[in-house]
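Single-structure report; data block below.
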Amino acid sequence: MKIEIDMDTANKPWRYVAMQADCNLTEEQIAEFQEAFTLFDKDGDGTITTKELGTVMRSLGQNPTEAELHDMINEVDADGNGTIDFPEFLTMMAKKMQGSGDDQEELREAFRVFDKDGNGFISAAELRHVMTNLGEKLTDGEVDEMIREADTDGDGQVNYSEFVKMMTHK
Numbered sequence: 115m116k117i118e119i120d121m122d123t124a125n126k127p128w129r130y131v132a133m134q135a136d137c138n139l140t141e142e143q144i145a146e147f148q149e150a151f152t153l154f155d156k157d158g159d160g161t162i163t164t165k166e167l168g169t170v171m172r173s174l175g176q177n178p179t180e181a182e183l184h185d186m187i188n189e190v191d192a193d194g195n196g197t198i199d200f201p202e203f204l205t206m207m208a209k210k211m212q213g214s215g216d217d218q219e220e221l222r223e224a225f226r227v228f229d230k231d232g233n234g235f236i237s238a239a240e241l242r243h244v245m246t247n248l249g250e251k252l253t254d255g256e257v258d259e260m261i262r263e264a265d266t267d268g269d270g271q272v273n274y275s276e277f278v279k280m281m282t283h284k
């Protein structure tokens, strides 16, 4: 599933929302957050429900309770309707971008999600497995390209420092 976003039309309302949220997000960051939102929004209705949030979290190896899922939704549900829409998601992500001192721990945790065998490297097979669990069916070529982009030392896999560089590039 490849998501195409027309930057001229797609981001105008989100750019406004980002400005309202008092955050300095680039067009690229907004597009990345739009793609992430789309992964969570399984039925494509423009909102993330507790069920959809739970599905994605379980695919990433987490096992939140129903109460924890409701708490996560309620933390960012500005209009109180029990779901997260894209402006609310964008506000939440912008706040996370401003940094919580737990950034390093979050990166380590994210790396562990991808590094299934715990050997300190993300292989093409591990990347494909996680992306498939997220609902992203990638071709071998797309997976190889993602590895190549992040793999600065050319060993064919992504180590932790390459992962950090890829995740924190501005």
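Per the numbering used here: the sequence shown = residues 115 to 284. Every residue gets a Cβ at the ideal spot worked out from N, C-alpha and C, and that includes glycine. A quick note: this is a predicted structure, and the numbers were derived from the prediction, not measured.
{"Check": "Would you identify the three-state DSSP class for Thr161, choosing helix, strand or coil?", "Outcome": "strand"}
{"Check": "Taking its Cβ as the centre, do 16 or more other Cβ atoms sit within 10 Å of Gln271, making it buried, or is it exposed?", "Outcome": "buried"}
{"Check": "CA-CA distance, Ser275 and Glu250?", "Outcome": "24 Å"}
{"Check": "With DSSP as the reference, please indicate the residues paired to Phe154 in a beta bridge.", "Outcome": "Paired residues: none, contrary to the question."}
{"Check": "What's the call for Asp265, buried or exposed, on a 16-neighbour Cβ count within 10 Å?", "Outcome": "buried"}
{"Check": "Can you tell me whether Arg262 is buried or exposed, with buried defined as 16 or more other CB within 10 angstroms of its CB?", "Outcome": "exposed"}
{"Check": "Alpha carbons only, please: which of Asn177, Gln143, Thr161 and Ala238 is nearest the one belonging to Ile187?", "Outcome": "Thr161"}
{"Check": "At what residues does the alpha helix (DSSP H) containing Lys279 begin and finish?", "Outcome": "Tyr274 to Thr282"}
{"Check": "Using 10 angstroms around the beta-carbon of Asp254, count the other beta-carbons present and answer buried if the total reaches 16, otherwise exposed.", "Outcome": "exposed"}
{"Check": "How many Å lie between Val244 and Lys156 at the Cα?", "Outcome": "16 Å"}
{"Check": "Run through the DSSP bridge pairs and tell me what Phe235 is partnered with.", "Outcome": "Asn273"}
{"Check": "Quick one: Cα of Pro178 to Cα of Glu223, how far?", "Outcome": "15 Å"}
{"Check": "For Ala192, which residues of its own chain have a beta-carbon under 6 Å away from its beta-carbon, when the five flanking residues on both sides are left out?", "Outcome": "Glu202"}
{"Check": "Buried or exposed: where does Asn125 fall if 16 or more other Cβ atoms within 10 Å of its Cβ makes it buried?", "Outcome": "Model confidence at Asn125 stands at a pLDDT of 42, short of 50, so the residue's coordinates are unreliable and nothing is read from them."}
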